[in-house]
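Under UniProt numbering, read the sequence shown as residues 1 to 241, first letter to last.
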Amino acid sequence: MHIDELKGESEVLGGESENPCVNYDDLRVSEKDGKVVVWDTKRVLIGAGARVLFYPTLLYNVVRNKFQAEFRWWDRIDEFVLLGAVPFPSDVLRLKELGVGGVVTLNEPYETLVPTSLYQAYDIDHLVLPTRDYLFAPSLNDICQAVNFIHSNAVRGCLTYVHCKAGRGRSTTIVLCYLVRHKRMTPDDAYSYVRSIRPRVLLASTQWQAVNDYYNFKVRSCGISPKNDLIIRSSVLPSMR
């Protein structure tokens, strides 16, 4: 079960203050000039490490995509959702041709390779929800925005491309939340389903907790019952690198 894998990740780290997944034990608090100042040393260190590792890991992913057929840049999760890695400017036309009408970017600015203006030139809406890489989850508010964005595009018959750097953690968190809300899956079923299509997805503890928090807040509390059957597995869309 994937729960064992998640427990094997590094220890849980806190996210934004509005994120219900924050681990306040990781915060050091002191008082300065009458104000409470909060430092999250681990967050700062991980952020610095993520910047250093961004281009080396991006190059690694590009090489694997070139030489390993199973290492796809993106995968079609259902009729209206693509899940994948950070797109290059050269990918935008291809995404448009596939029927993408919206893109959800979970990257921080230094990780983002396509400006909003380029998406707009192809009549693609762009939702930017910067989330720190490595172990961090989008806030509950950001998750709700993203799920509503995907659903709005689906209503008008458009695909949404949801991506982070590698299409493994941050973006998968959003896609799972969409599936539990609009496809009436449980978190476990949604994770198993997505991983059957994109095997390298893997959530950190905070990300998995965010999915469950969203499920409890937006699905169970509304009395929505999960379906017993999963949605039909979508066909693979080739990624042109």
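Cβ atoms here follow ideal geometry from the backbone N, Cα and C, with glycine treated the same way. Given the structure is predicted, the values throughout are model-derived calculations rather than measurements.
Item: Buried or exposed, going by whether 16 or more other CB atoms sit within 10 Å of the CB of Val63?; Value: exposed
Item: For Tyr161, name the three-state secondary structure that DSSP assigns.; Value: strand
Item: Can you have a look at Gln207 and say buried or exposed, based on whether 16 or more other CB atoms are within 10 angstroms of its CB?; Value: buried
Item: Report buried or exposed for Val155, applying the criterion of at least 16 other Cβ atoms within 10 angstroms of its Cβ.; Value: exposed
Item: Taking the alpha-carbon of Pro199 as reference, which of Val175, Tyr122, Glu108 and Asp75 has the nearest alpha-carbon?; Value: Asp75
Item: Beta-carbon separation of Leu127 and Val104 under 7 Å?; Value: yes
Item: On the three-pair Cβ rule with 8 Å, is the stretch 182-196 touching the stretch 115-135?; Value: no
Item: Helix, strand or coil: how does DSSP classify Trp73 here?; Value: coil
Item: Return the CA-CA distance between Val147 and Leu113, expressed in angstroms with no decimal places.; Value: 23 Å
Item: What is the residue span of the beta strand (DSSP E) that Val100 lies within?; Value: Val100 to Thr105
Item: Identify which residue in Gly84, Val162 and Thr57 has its Cα closest to the Cα of Ile150.; Value: Val162
Item: Quick one: residues in its chain with C-beta nearer than 7 Å to the C-beta of Leu176, no 5 flanking neighbours on either side, listed in chain order?; Value: Pro187, Ala190, Tyr191, Val194 and Val211
Item: Can you find the residues in the same chain that come closer than 6 Å, C-beta to C-beta, to residue 249, ignoring five residues on each side of it along the sequence?; Value: Only positions 1 to 241 of the chain appear in this structure, which leaves residue 249 out of reach.
Item: Would you report the Cα separation of Asp91 and Asn216, rounded to the nearest angstrom?; Value: 36 Å
Item: According to DSSP, simplified to helix, strand and coil, what is Asp142?; Value: helix
Item: Under a three-way DSSP split, which group does Val92 fall into?; Value: helix
Item: Identify the continuous beta strand (DSSP E) that holds Val114 and give its terminal residues.; Value: Careful: Val114 lies outside any beta strand (DSSP E) and carries neither H nor E.
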